[in-house]
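Novice: Before I ask anything, let me first share the structure, which is written out below as structure tokens.
Residue numbers (the working numbering): 40 to 483.
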């Protein structure tokens, strides 16, 4: 876990809140002025707050530095879980209407007094996964967890899997899929904290409620829902959500630890890429040091997970994606998920050179949630123009590319398939990569 930081008198704002470039060494030899940095925040999608004042500790005040929240255990991080809710903010979520959602004492709550129905959904899409959701529903509450949903499903019965939370529902009580499957058992625990453990695998959905199996549903439709958002519904009564974590399953290995089959070194590279003790060891050459190892296959919408270790202080590297095929003249025309654990003034909200988990030149990582000399996990989720990154299970980037389309992601939006590549940055490069795996997303 990350060490606790507690500094007094630091009032400099976190760099990710600025549109100015970070200081320090750039991740590219010659920055291109045609690539303006864009904020990862999307004002038009921010939900309106509920009347209660939300607890938001995501921004350090002038008296102390606030550490990143640690929702997951080290064992959960190691197993590939990511947290969809950071316990402090609604980062990575958006509401489908004006009904307020807020964070109160570490819990997500809708405005229970507001009239109407609302859905708060993740900005990212997911396909096959395990999902754990902790919730507490008041007596007579009508709510739900939406699985594989769109942002605003007009007809949830047909356009998502609505895992119901309503002990008083006439037909589909808590644990059933509204309009599709009644719960296998009735578990009536209104007013208490309860836990859903869902598995979504292809057209097969199962769920346990407090350890009791309540759902085993097979969607035999010609076109079952295979990909979508995670949604929280407000219908009637009071509902609270807290721990919301997800683990992608059915991942396909890009590197299995034995050889570099399926990869190729980009021509002109001055970095070495060798398989050592089940990892890809990347070291910079003594000339200019730059080099790239790219996949032979291409991907468009996908979820990527890997583990990284930097063997030096504030080393620079990156994972490029949706990239054009690398050449000696243009080795890395793609988006870059940055690797750089440096911070300023001991503040993990002030990244050096955009920070680990940023989309380089586009966003700043909201937290540096990794340490040099230690293995850390990275999860990249990209669908259409939207991109999100988790580091050690904490979401640090949520960004939509609104630029005009261009085959070269350095110049504009690219949604078509491209290569994935590992960067050797400079002569100081010394990193290891392992457990690289990918999952195709099939669209919303």
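Using N, Cα and C, we set each Cβ at its ideal position, and we do this for glycine too.
1. Quick check: the Cα distance between residue 68 and residue 264, rounded to an integer number of angstroms?
2. Mind checking which residues open and close the beta strand (DSSP E) that includes residue 320?
3. Label residue 120 either buried or exposed according to how many other C-beta atoms from any shown protein chain fall within 10 Å of its C-beta, with 16 as the threshold for buried.
4. Identify, in the order they occur along the chain, each residue of the same chain with its Cβ nearer than 6 Å to the Cβ of residue 98, setting aside the five sequence neighbours on each side.
5. Assess contact between the region 366-375 and the region 454-464, defined as three or more Cβ pairs (one per stretch) separated by less than 8 Å. Is contact present?
6. Just checking my contact of residue 337 with residue 302 at CB under 8 Å: how many whole Å lie between their CB atoms?
7. Please look up how many angstroms separate the CB atoms of residue 110 and residue 432, rounded, as I've assumed it's under 8 Å.
8. My understanding is that residue 437 touches residue 130, with C-beta atoms under 8 Å, so please give their C-beta distance in whole angstroms.
9. How many whole angstroms separate the CB atoms of residue 204 and residue 180, which I take to be in contact at a CB cut-off of 8 Å?
10. At what residues does the beta strand (DSSP E) containing residue 107 begin and finish?
11. To the nearest whole angstrom, what separates the beta carbons of residue 340 and residue 480, a pair I think is in contact under 8 Å?
12. Provide the residue span of the alpha helix (DSSP H) that contains residue 195, from first to last.
13. Among the candidates 390, 273, 244 and 113, whose CA atom is the shortest distance from the CA of residue 154?
14. Please name the residue or residues paired with residue 138 in a DSSP beta bridge.
15. As a quick exercise: from 116, 132, 225 and 297, pick the residue whose alpha carbon is nearest that of residue 247.
16. Drop a sphere of 10 angstroms on the beta-carbon of residue 176, count the other beta-carbons inside from all chains shown, and report buried for 16 or more, exposed for fewer.
17. I need the straight-line Cα distance from residue 167 to residue 443, nearest angstrom please.
18. DSSP three-state call for residue 260: helix, strand or coil?
19. Comparing alpha-carbon positions, which option in 425, 342, 348 and 359 lies nearest residue 410?
20. Express the C-alpha separation of residue 359 and residue 379 in angstroms, rounding to a whole number.
21. Give every residue of the same chain whose Cβ lies closer than 7 Å to the Cβ of residue 206, excluding the five residues on either side of it in the sequence, and list them in chain order.
22. Taking only the alpha-carbon atoms, compute the straight-line gap between residue 95 and residue 307 and give it to the nearest angstrom.
Specialist: Judging by the given coordinates:
1. The sequence position of residue 68 within the chain shown is 29, counting from 1. The sequence position of residue 264 within the chain shown is 225, counting from 1. Low local confidence applies: a pLDDT of 39 at residue 68 is under 50, so the model's placement there is unreliable, with the coordinate-based value given in what follows. Taking the straight line from one Cα to the other gives about 44 Å.
2. Residue numbering aside, residue 320 sits at position 281 when the chain shown is read from its first letter. Going by DSSP, residue 320 is part of the beta strand (DSSP E) stretching over 318-323.
3. On the chain shown, residue 120 is found 81 positions in, with the first residue counted as 1. Label assigned to residue 120: buried.
4. Indexing the chain shown from 1 puts residue 98 at position 59. Only weak support exists for where residue 98 lies, its pLDDT of 43 falling under 50; the coordinates are left without a value.
5. Yes: at least three Cβ pairs fall under 8 Å.
6. Residue mapping note: residue 337 aligns to position 298 of the chain shown, counting from 1. Residue mapping note: residue 302 aligns to position 263 of the chain shown, counting from 1. Contact between residue 337 and residue 302 does not hold, since the beta-carbon distance rounds to 13 Å and is not under 8 Å.
7. By one-based count along the chain shown, residue 110 stands at place 71. By one-based count along the chain shown, residue 432 stands at place 393. Cβ-Cβ separation between residue 110 and residue 432: approximately 7 Å, consistent with a contact (criterion under 8 Å).
8. Locating residue 437 in the chain shown gives position 398, counting from the first residue. Locating residue 130 in the chain shown gives position 91, counting from the first residue. Contact between residue 437 and residue 130 holds, since their C-beta atoms are separated by about 6 Å, short of 8 Å.
9. As a working mapping, residue 204 is identified with position 165 in the chain shown. As a working mapping, residue 180 is identified with position 141 in the chain shown. Confirmed, about 7 Å.
10. What you label residue 107 is simply residue 68 of the chain shown in a count that begins at 1. Run containing residue 107: none; DSSP gives neither H nor E here.
11. The residue labelled residue 340 in the question sits at position 301 within the chain shown. The residue labelled residue 480 in the question sits at position 441 within the chain shown. Correct: roughly 4 Å between the Cβ atoms.
12. Residue numbering aside, residue 195 sits at position 156 when the chain shown is read from its first letter. Element bounds for residue 195: 195-198.
13. For the purposes of this step, residue 154 is taken as the residue at position 115 of the chain shown. Of the listed residues, the one whose Cα sits closest to residue 154 is 273.
14. Numbered from its first residue, the chain shown carries residue 138 at position 99. Under DSSP, residue 138 forms no beta bridge with any residue.
15. Numbered from 1 along the chain shown, position 208 holds the residue referred to as residue 247. Checked all of 116, 132, 225 and 297; the closest Cα to residue 247 is 225.
16. Mapped onto the chain shown, residue 176 falls at position 137. Buried is the call here.
17. As a first step, residue 167 must be located in the chain shown, where it is residue number 128. As a first step, residue 443 must be located in the chain shown, where it is residue number 404. The straight-line gap from Cα to Cα measures roughly 31 Å.
18. The residue labelled residue 260 in the question sits at position 221 within the chain shown. Collapsing the DSSP output to three states places residue 260 in coil.
19. Taking the chain shown and counting its residues from 1, the one referred to as residue 410 is at position 371. Residue 410 has its Cα closest to that of 348, out of 425, 342, 348 and 359.
20. Counting from one through the chain shown, the residue named residue 379 turns up at place 340. Counting from one through the chain shown, the residue named residue 359 turns up at place 320. Cα to Cα, the separation comes out at about 14 Å.
21. Taking the chain shown and counting its residues from 1, the one referred to as residue 206 is at position 167. Leaving aside the five residues that flank residue 206 on each side, the residues in its chain whose CB is nearer than 7 Å to its CB run, in chain order, 212, 213, 227 and 229.
22. Indexing the chain shown from 1 puts residue 95 at position 56. Indexing the chain shown from 1 puts residue 307 at position 268. Confidence is the limiting factor: at residue 95 the pLDDT is only 44, short of 50, which leaves the residue's position unreliable, though a coordinate-based value still follows. Distance from the CA atom of residue 95 to the CA atom of residue 307, rounded to whole angstroms, is 48 Å.
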